[in-house]
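One structure below.
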Amino acid sequence: MRRRGPDLTDLVHAALDGLVFQQTAFADTTRTERAVEVLRKLLETYATATSA
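Just so you know, we're using the working numbering here: the sequence shown kicks off at 1 and counts up by one.
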């Protein structure tokens with residue numbers, strides 16, 4: 001498996017930071033949970049695509 005590196009780490013951190021802000025600003029748990037699920041699916045797809 002290839003090492004994913006700091007760029008992916010920075011991207012995920014920024015996305016999570018944004019989601020925390022979104023949750024704090026809008027207090028919409030359903031909206032935040034949907035966004036987290038999309039992020040999770042994107043990461044799973046990326047992991048599958050780069051595992052070969």
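Each residue gets a CB set at the ideal place from its N, CA and C atoms; glycine is no exception.
In terms of residues, what are the limits of the alpha helix (DSSP H) holding residue i?
{"i": "D17", "result": "5-26"}
In angstroms, rounded to a whole number, what distance separates the CA positions of residue i and residue j?
{"i": "K41", "j": "L8", "result": "15 Å"}
{"i": "E44", "j": "D28", "result": "25 Å"}
{"i": "T24", "j": "D17", "result": "11 Å"}
{"i": "M1", "j": "F21", "result": "Below a pLDDT of 50, predicted positions are generally treated as unreliable, and M1, at 44, falls in that range; the measurement from the model is reported next regardless. Rounded to whole angstroms, M1 to F21 spans 33 Å at the Cα level."}
{"i": "G5", "j": "F26", "result": "32 Å"}
{"i": "T30", "j": "V38", "result": "12 Å"}
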